[in-house]
Each structure stands twice: as C-alpha cells, then as structure tokens.
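Peer 1: In order, the protein sequences belong to chains F and B.
Just so you know, we're using the numbering used here here: the first sequence kicks off at 1159 and counts up by one.
Just so you know, we're using the numbering used here here: the second sequence kicks off at 21 and counts up by one.
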Amino acid sequence: EPEVTQTPSHQVTQMGQEVILRCVPISNHLYFYWYRQILGQKVEFLVSFYNNEISEKSEIFDDQFSVERPDGSNFTLKIRSTKLEDSAMYFCASSERLAGVDEQYFGPGTRLTVT
Amino acid sequence: AQTVTQSQPEMSVQEAETVTLSCTYDTSESDYYLFWYKQPPSRQMILVIRQEAYKQQNATENRFSVNFQKAAKSFSLKISDSQLGDAAMYFCAYRSAQGGSEKLVFGKGMKLTVNP
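(1) If we count the other Cβ atoms within 10 Å of its Cβ and call it buried at 16 or more, is R1275 of chain F buried or exposed?
(2) What residues in the stretch 1259-1270 of chain F have a beta carbon less than 9 Å from any beta carbon of chain B?
(3) Does any CB atom of chain B fall closer than 7 Å to the CB of S1206 of chain F?
(4) At the level of alpha carbons, what is the spacing between P1160 of chain F and S1185 of chain F?
(5) With a 10 Å radius around its C-beta and 16 neighbouring C-beta atoms as the bar for buried, classify G129 of chain B as buried or exposed.
(6) Give a yes or no on whether the minimum CB-CB distance between L67 of chain B and chain F is below 7 Å.
(7) Beta strand (DSSP E) containing L67 of chain B: first to last residue?
(8) DSSP on L104 of chain B, reduced to helix/strand/coil?
(9) Since V1177 of chain F and V1162 of chain F should fall inside the 8 Å C-beta cutoff, what is the C-beta to C-beta distance between them, to a whole number of angstroms?
(10) What whole-angstrom Cβ distance do L1242 of chain F and L1179 of chain F have, given they're in contact under 8 Å?
(11) In the DSSP assignment, what residue or residues form a beta bridge with C112 of chain B?
(12) Are the stretch 103-117 of chain B and the stretch 51-71 of chain B touching by the rule of at least three beta carbon pairs closer than 8 Å?
(13) On the DSSP bridge assignment, give the partners of Q1164 of chain F in chain order.
(14) What are the boundary residues of the beta strand (DSSP E) that includes T25 of chain B?
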C-alpha cells in the first residue's frame, strides 16, 4: 500500500541554522500538509498546499517557514533560522482531493531537535 | 476557533474486552467531520474511523464504532474484542466542512495499552 515517507527521521540542528524537512507524498495525491507536535502537546496544523501554492496556513506558520514542491515527488518544509521552540515532531500528510471526508495520509514524522 | 479535548491521557484494556475512548469538541459550526486516528509506536498515524456531522447514524468499521452525540459535542470511540495490535496512541480530530478549510484540529491523544 502506498505510504507517505519523510526524511530524515531525526534531525539535530543548532539554533539559528536553516533546516529542510523532506516528504514524499503518495504519488496521485494533490493536496499536501505539514503538522507539528511539540512534546506533550497537541498535533497542530501548520500549512496546506495545492497547485503549487499555499491554500491555508496557521498563525504558527510565520515568515520563518516556507514550503515548496521542487519536483514532481518531493514536498519540503524549510525553517529559515531555527529557534529552540521549533523542536518538535513534524508530520507531513497528503490527500487525494479537498472535498468531503477526504482522508489525510500521514508520514511517520521527522523529529527536529534544536540545540 | 474549534477545540478538541481528550481528557484521558492513558487507558488500558484486557485483550478481548471492550474499551471506550472519549472525545469532546467545541465548535459553533453545524457541518463538520470527526475522525479517530491511531498511531502505533514508531509508525505513522492511520485513520480508524470518520463521521460526518450531518449523519445521525453512528459510523462503524469492523470492531470500531463511534457514539456521536452532536448536541453534547461528544465523539467517543468503542473498540470491541480488543487485540494486542490495538495498542497505540489514539487521536480524535475535527475538520470543518465550511469555508474550504482542510486543516485537522487534534486532541492531545490517548495512549491505549492492551494487556494479554
């Protein structure tokens, strides 16, 4: 069964550094998402992406964050200058279409540790 | 803004027994969707069951069923004949059906342990 994959599984970076988290959505999916979960807290929506542009973003998704679909398979989340509070599990998800009870398929996550 | 609350951080159940996971939510919308996701250890979240708010009938998927109480804004998950493979984190989630929003709003999750 097709799955969403994410790399790396764990990323350690120093405060102020740029990081790029990578995701390969399911191949026929058109909608892509990033969520994050700070340890002990809820999974929070960051951004959704369709047709090469952001369709929705949360207040967490400020100018430090950007997303890109650089080719036909990858979907990336870039954090420009990481802060300690960016340490979290980052989940990528994809779905086939927007309408109705469309299922979002999640990747296994990337654990980002900012030191 | 919508919120989802899972008040029980952990539960345990004996294999073959039935367990109910609770979830409440707050919204001013009348049309929305509710989901239960399961996340086994070190694995991705997978959808267990979904419910459209306009449907009065409770959703069922094999051993999984929900008790959807729209007026009470309650959405509990019942797992019958619990199996060892049901051990996981369970997340309740809400999605608006209005305004084209795609985002899922999650609860904090609940860790289910299944004892042999």
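For each residue, glycine too, the CB sits at the ideal point set by N, CA and C.
Peer 2: Based on what the coordinates show:
(1) No information on residue 1275 of chain F is available, as it lies outside the stretch 1159 to 1273 that chain F covers here.
(2) If the cut-off is 9 Å between Cβ atoms, the stretch 1259-1270 of chain F has V1259, D1260, E1261, Q1262, Y1263, F1264, G1265, P1266 and G1267 near chain B.
(3) One-based indexing of the first sequence puts residue 1206 of chain F at position 48. By this cut-off, S1206 of chain F is an interface position.
(4) Stepping through the first sequence from its first residue, residue 1160 of chain F is reached at position 2. Stepping through the first sequence from its first residue, residue 1185 of chain F is reached at position 27. Their backbone Cα atoms lie some 8 Å apart in a straight line.
(5) Here residue 129 of chain B is taken as the residue at index 109 of the second sequence, counted from 1. Under this definition G129 of chain B is a buried residue.
(6) As a working note, residue 67 of chain B is residue 47 in the second sequence. Judged by the 7 Å Cβ criterion, L67 of chain B is in contact with chain F.
(7) The residue you call residue 67 of chain B lines up with position 47 of the second sequence. Taken as a continuous stretch (DSSP letters only), the beta strand (DSSP E) holding L67 of chain B covers I66 to E72.
(8) Taking the second sequence and counting its residues from 1, one reaches residue 104 of chain B at position 84. Reduced to three states, the DSSP call for L104 of chain B is helix.
(9) Mapped onto the first sequence, residue 1177 of chain F falls at position 19. Mapped onto the first sequence, residue 1162 of chain F falls at position 4. The pair is not a contact, with the Cβ atoms about 19 Å apart (cut-off 8 Å).
(10) The residue given as residue 1242 of chain F occupies position 84 in the first sequence. The residue given as residue 1179 of chain F occupies position 21 in the first sequence. Going by Cβ atoms, the distance from L1242 of chain F to L1179 of chain F rounds to 17 Å, so no, they are not a contact pair.
(11) To locate residue 112 of chain B, count along the second sequence from 1; it is residue 92. The bridge partners DSSP lists for C112 of chain B are B:W56.
(12) They touch, by the three-pair rule.
(13) Taking the first sequence and counting its residues from 1, the one referred to as residue 1164 of chain F is at position 6. For Q1164 of chain F, which the question treats as bridged, DSSP gives the partners F:C1181.
(14) The residue labelled residue 25 of chain B in the question sits at position 5 within the second sequence. Boundaries of the beta strand (DSSP E) around T25 of chain B: T23 to T25.
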